[in-house]
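*Asks:*
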Amino acid sequence: MLGAAVETAEAIGQPQRIEVVDASGELPVRIRMSGSKFPSRGSVRAKARTTATTGAPKHRGPRRRPATGGEVTGLAGGLPIRIDGVPLGGTGVGSGSPEQDLTIARAALAAIGA
């Protein structure tokens, strides 16, 4: 999953921060590619946690970051992880444009059949 995300980021020439959390929003794994942007550090975690706990892609939700201290966001780049309809967690990608972040998140999910 992470390998596919990094491979896609390299292919489009945009270093990224990538985080994957379980269904409770805890952080089992993250990668920071050299050259990724520092401000994406907090938003990537919020994207992953929000999608894991709401089950919704975050480019479709409201921007609630200020009201939750950064724990919930509607920024693009977060996608829920579901296999056979079972929610397993969420992934958050950031440091590129919204379209780049989503492309990389989709590649990560496709790698595991989610």
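Letter 26 of the sequence shown, counting from 1, is numbered 486 in the numbering used here, and no numbers are missing.
Beta carbons: idealized from backbone N, C-alpha and C, even for Gly.
Count the other C-beta atoms from every protein chain shown that fall within 10 angstroms of the C-beta of E479, then say buried if there are 16 or more, exposed otherwise.
*Replies:* Locating residue 479 in the sequence shown gives position 19, counting from the first residue. The residue is buried, with at least 16 neighbouring Cβ atoms inside 10 Å.
*Asks:* Would T533 and T510 qualify as a contact pair, given that the criterion is a beta-carbon distance under 9 Å?
*Replies:* Position 73 of the sequence shown, counted from the first residue, corresponds to residue 533. Position 50 of the sequence shown, counted from the first residue, corresponds to residue 510. The criterion of a C-beta distance shorter than 9 Å is satisfied by T533 and T510.
*Asks:* Tell me, to the nearest whole angstrom, how far the beta carbon of S555 is from that of Q476; I am working on the premise that it is less than 8 Å.
*Replies:* Within the sequence shown, the letter at position 95 stands for residue 555. Within the sequence shown, the letter at position 16 stands for residue 476. At roughly 5 Å, the Cβ-Cβ gap stays under 8 Å, so S555 and Q476 are in contact.
*Asks:* Does P499 get closer than 9 Å to chain C when you measure Cβ to Cβ?
*Replies:* In the displayed structure, chain C is absent; only one protein chain is listed.
*Asks:* Can you give me the C-alpha to C-alpha distance between L569 and T551, rounded to a whole angstrom?
*Replies:* For the purposes of this step, residue 569 is taken as the residue at position 109 of the sequence shown. For the purposes of this step, residue 551 is taken as the residue at position 91 of the sequence shown. C-alpha separation (whole angstroms): 8 Å.
*Asks:* Between P547 and the rest of its own chain, which residues show a CB-CB distance below 8 Å, the 5 nearest in sequence each way excluded?
*Replies:* For the purposes of this step, residue 547 is taken as the residue at position 87 of the sequence shown. Result list for P547: A483, A512, G515, P540, I541, in chain order.
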